[in-house]
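This is the structure we're talking about:
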């Protein structure tokens with residue numbers, strides 16, 4: 002049920018998930034406990050966003066730089082992502098459309114199959130779209146767009162001298178979605194950390 006009595010919610014909210022490891026360390030717990038707590042909060046945020054009428058929620062779950070973390074920590078994060086994707090009944094019950102944005106090539110074959118299945122199972126929902134940014138980087142997204150544009154220009158599909166902002170946006174992972182109104186970083190840090198660099202130009 003929507004919280005109609007509250008002020009209108011932002012259309013698109015971006016969240017940089019950060020501070021899980023520090024949260025756990027502060028409490029004398031292993032880092033994986035912090036990631037587990039973060040995953041639980043993520044589910045709560047999705048439900049709240051749906052109630053508040055947010056149309057798009059983009060969550061920075063795993064950056065291109067996160068591969069530098071210890072292998073066991075990366076494995077824990079990937080395992081939690083796998084569990085979330087496998088729990089299709091939950092997000093279908095919540096009627097959310099799930100999309101994974103980022104470079105999937107480095108992800109395991111099993112994870113890529115789970116992504117494809119989850120996206121297809123939820124593609125007809127329209128109230129709330131959740132973008133999970135996995136192996137994502139804002140610079141990498143722009144470079145990928147540049148490669149695609151260059152390819153289309155070389156084949157005559159695009160004219161390089163006539164390209165404008167909307168043309169480039171057609172090659173971003175968030176094609177067809179409005180730019181975020183609000184970016185949240187719960188850890189207290191004030192860096193964008195390579196998150197949605199193009200899309201967040203005018204975000205609060």
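Residue numbers (my numbering): 2 to 205.
Ideal placement from N, C-alpha and C gives every residue a C-beta, glycine not left out.
- In the three-state scheme derived from DSSP, where H, G and I count as helix and E and B as strand, residue 15 is classed as strand.
- A residue is called buried once 16 or more other Cβ atoms fall within 10 Å of its Cβ, and residue 177, having fewer, is exposed.
- Within the same chain, Cβ atoms closer than 7 Å to the Cβ of residue 181 are found at 13, 14, 15, 59, 197, 200, 201 and 204, the five residues on either side in sequence being excluded.
- Straight through space, the alpha carbons of residue 7 and residue 149 are spaced by roughly 42 Å.
- Per DSSP, residue 99 is one residue of the beta strand (DSSP E) stretching across 97-102.
- Restricting attention to 10, 157, 168 and 43, the CA atom closest to the CA of residue 132 is found in 43.
- A contact between stretches requires three or more CB pairs, one per stretch, nearer than 8 Å, and the region 152-169 fails this requirement with the region 71-83.
- In the three-state scheme derived from DSSP, where H, G and I count as helix and E and B as strand, residue 65 is classed as helix.
- In chain order, 86 and 89 place their CB closer than 8 Å to the CB of residue 118, counting only its own chain and leaving out the 5 sequence neighbours on each side.
- Under the three-state reduction of DSSP, residue 176 is assigned to coil, being neither helix nor strand.
- Classified as buried, residue 99 has 16 or more neighbouring CB atoms from the shown chains inside 10 Å of its CB.
- For residue 59, the three-state secondary structure derived from DSSP is strand.
- Going by DSSP, residue 134 is part of no alpha helix (DSSP H) but of the beta strand (DSSP E) stretching over 129-137.
- The Cβ atoms of residue 56 and residue 129 sit closer than 8 Å to each other.
- Separation of the CB atoms of residue 123 and residue 97 is rounded to 6 Å, and the pair is thereby assigned contact status at 8 Å.
- Per DSSP, residue 82 is one residue of the alpha helix (DSSP H) stretching across 72-87.
- Comparing C-alpha distances from residue 166 to each of 106, 143 and 156 shows the shortest one belongs to 143.
- Take the alpha-carbon of residue 67 and the one of residue 19: they are about 11 Å apart.
- Residue burial is scored here from C-beta neighbours: residue 139 has at least 16 other C-beta atoms within 10 angstroms and is therefore classed as buried.
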